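2 protein chains.
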Amino acid sequence: MTALDGLVARRTTTAQQVADGLSERILAGAFRPGERLRESAIATELGIARNTVREAVRLLEHGGLVRFEVNRGAVIISPTPETVEDLYTARERLETAALAMPITGDQLAVVEEAYASLGTATASHERADIVAADLAFHAAIVASLGSSRIDAFYAGLTRELRFYLMALSAYEREYENPRKVVAEHEPLMDAVREGDAERAQREVRHHIATNAERVQRILAARG
Amino acid sequence: MTALDGLVARRTTTAQQVADGLSERILAGAFRPGERLRESAIATELGIARNTVREAVRLLEHGGLVRFEVNRGAVIISPTPETVEDLYTARERLETAALAMPITGDQLAVVEEAYASLGTATASHERADIVAADLAFHAAIVASLGSSRIDAFYAGLTRELRFYLMALSAYEREYENPRKVVAEHEPLMDAVREGDAERAQREVRHHIATNAERVQRILAARG
DNA sequence: ACAGTAGAACTGTTCTACAGTTCCGCCTCG
DNA sequence: CGAGGCGGAACTGTAGAACAGTTCTACTGT
């Protein structure tokens, strides 16, 4: 509230900014899975050196949206059955662990809020928002483990999965009926609310298994 | 075999090799926590371009042993009370999750093997080996979750913790009595063997809490 | 003991260059 | 018409030099 209000020293590098920008664009669907990120093209387009782009892309790799192949550079990740299975298995383990004990008040409030957001997101009929809210709800559950490291890890899984879901959603009829998305989460939310750990675990397992299968099906039917 | 025995196409970049080498050296204690990695020094010493070193260091960052500070470059990670607590909390959650159900035969065999290795490592009286075997035992437990993603994540935690433990072990009397290391793991191993999930969880919680406290104490008494 | 300062040491970034790979379209040979 | 095979274009991986802006260090004066 002083005269320095809103003043921030730009404590970030060009490479980092470029990485952030690219990350955003990738998640927004500007690149297709498997597509290559060409350094020189990006460099000239943004008016920066190729070196810097290369560093940015290396940072991107850290974010998980891109992987490096020797002599091919950065390639947008692309879902395979194995990857998807891995992703869902990890989620299942983490969420089950988070629901092993009844959730405490504070944490329950967080989960409730995420659940509410899922409701408003589905009402908007915006696929991107729905997917994000869906995953955020699950992240809220994982957050009840109380480990920032695990949260960060889960966030990484989430980013990756979100990208796949958005990329695959062209072939997807599911989110055309958004009300179903809320309905799918309802039994789980109920169990969590009631503090019935065992039921919550059953529900989350079932929910995740169902979704994993659906994604696998979509993937198999041409990704 | 054939005339091509042992021939391997060099499917890796210079930067990657440098990163691997540095990683190894860091874990071996060639750098102290908080120390800076100077690009030009490394470049001239290895006879490669600074660009390449910079990329290597960016890869290192991914491995978690180094973090970047603007205008200071790569800095070796250094334990703080918060970091250590985070690390142990994450471990506690994952290992507890892994022990929620009795471990199946195959997985038990893996854990048993790791436990045996811990025994031989302690016999060697090599601090580095003991620490590695200790952490590998716990990784074996986590592996029973059956998620390669979680394993990779846990491996990252492990690397970081291993570095801290080695760096702090100068002030540490614990590993001077290696027999105690095995003894500390025995109740847990017993519970796992007997398939008593609840007891195993109690044991692992206690074990981890004890170790967390010890490390915190050492850290507080000048790290 | 302490703040201030000049110069050395580094990082972040750009540009240019080039060898080695991969990509892509065309051509030839079945 | 399909499967290789070939050659040039397009890129990546790496090097090296340069420079502005930051951080570090050691000295200076108070």
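Top line first, the protein sequences correspond to chains Z and W.
Okay, so the first sequence: first residue is 17 according to the numbering used here, each after it adds one.
Okay, so the second sequence: first residue is 17 according to the numbering used here, each after it adds one.
For every residue, glycine included, the Cβ atom is placed at its ideal position computed from N, Cα and C.
Please read all numbers here as calculations on a predicted model, not as lab measurements.
Residue pairing by DSSP puts I92/Z in a beta bridge opposite V82/Z. The Cβ atoms of E55/W and R70/W lie closer than 9 Å to each other. For L53/Z, DSSP records a beta bridge to A90/Z.
For chain Z, the residues of the region 146 to 165 of chain W that bring a beta carbon within less than 8 Å of one of its beta carbons are L161, G162, S163, S164 and R165, in chain order. When the Cα atoms are used, E176/Z and Y180/W turn out to be separated by approximately 30 Å.
Apart from sequence neighbours up to five positions away, the residues of its chain that approach L76/W with a beta-carbon distance below 7 Å are A35, L38, S39, V82 and A90, ordered along the chain.
A straight line joining the alpha-carbon of T30/Z with that of F169/Z spans about 25 Å.
Using beta-carbon distances, E77/Z counts as an interface residue toward chain W, with a partner under 9 Å. Here DSSP, grouped into helix, strand and coil, assigns S164/W to helix.
F84/W and Q32/Z have their C-alpha atoms spaced approximately 11 Å apart.
In chain order, N67 make up the part of chain W whose C-beta sits under 8 Å from the C-beta of N67/Z. Between A159/Z and T112/W, the CB-CB gap reaches or exceeds 9 Å. Relative to the Cα of H222/W, the nearest Cα in the group L134/W, D145/W and P203/W belongs to P203/W.
If you draw a 10 Å sphere on the C-beta of R27/W, you find fewer than 16 other C-beta atoms in it, and that means exposed. Between D102/W and R165/Z a beta carbon distance of about 5 Å is seen, short of the 8 Å cut, so the two are scored as contacting. Contact annotation, E219/Z with A207/Z: C-beta distance approximately 5 Å; criterion of less than 8 Å satisfied.
Considering only beta carbons, no part of the region 205 to 217 of chain Z lies closer than 9 Å to chain W.
In this chain, F47/W is not harboured by any alpha helix (DSSP H), its DSSP state being neither H nor E. When Cβ-Cβ separations below 9 Å define contact, V231/W makes no contact with chain Z. Chain-order list of chain W residues neighbouring L173/Z: R165, by C-beta distance under 8 Å. Between A137/W and A125/W, the CB-CB gap reaches or exceeds 9 Å. One finds nothing in chain Z with a Cβ atom closer than 7 Å to the Cβ of L181/W; even the nearest lies about 17 Å away. In the three-state reduction of the DSSP assignment, G211/W falls in the coil class, being assigned neither a helical nor a strand state.
Of all residues in the region 23 to 46 of chain Z, only R27, T28 and T29 come within less than 8 Å of chain W when Cβ atoms are compared, listed by chain position. Of the residues Q123/W, N87/W, T226/W and A228/W, the one whose Cα lies closest to the Cα of A156/W is Q123/W. Taking the CA atoms as reference points, G45/W sits about 43 Å from R48/Z. The beta carbon of A216/W sits closer than 6 Å to those of L115, A207 and V208, all from its chain and outside the five residues before and after it, given in chain order. Residues of chain Z whose Cβ lies closer than 9 Å to the Cβ of T105/W are, in chain order, L161, G162, S163, S164, R165 and I166. Relative to the Cα of E200/W, the nearest Cα in the group E210/W, V86/W and L134/W belongs to L134/W. Within chain W, the C-beta atoms nearer than 9 Å to that of A116/Z come from T112, A113 and A116, in chain order. For the region 73 to 100 of chain W, the residues whose beta carbon sits under 8 Å from a beta carbon of chain Z are, in order, R74, L75, E77, H78 and V86. Rounded to whole angstroms, R233/W and T226/W show a C-alpha spacing of 11 Å.
Non-local beta-carbon contacts of L173/W in its own chain, meaning distances under 7 Å to residues more than five positions away in sequence, involve L103, A106 and R107 in chain order. When rounded, the separation of the alpha-carbon atoms in T120/Z and F153/W is 32 Å. The CB of E71/W comes closer than 8 Å to the CB of R70, E71 and R74 in chain Z, given here in chain order.
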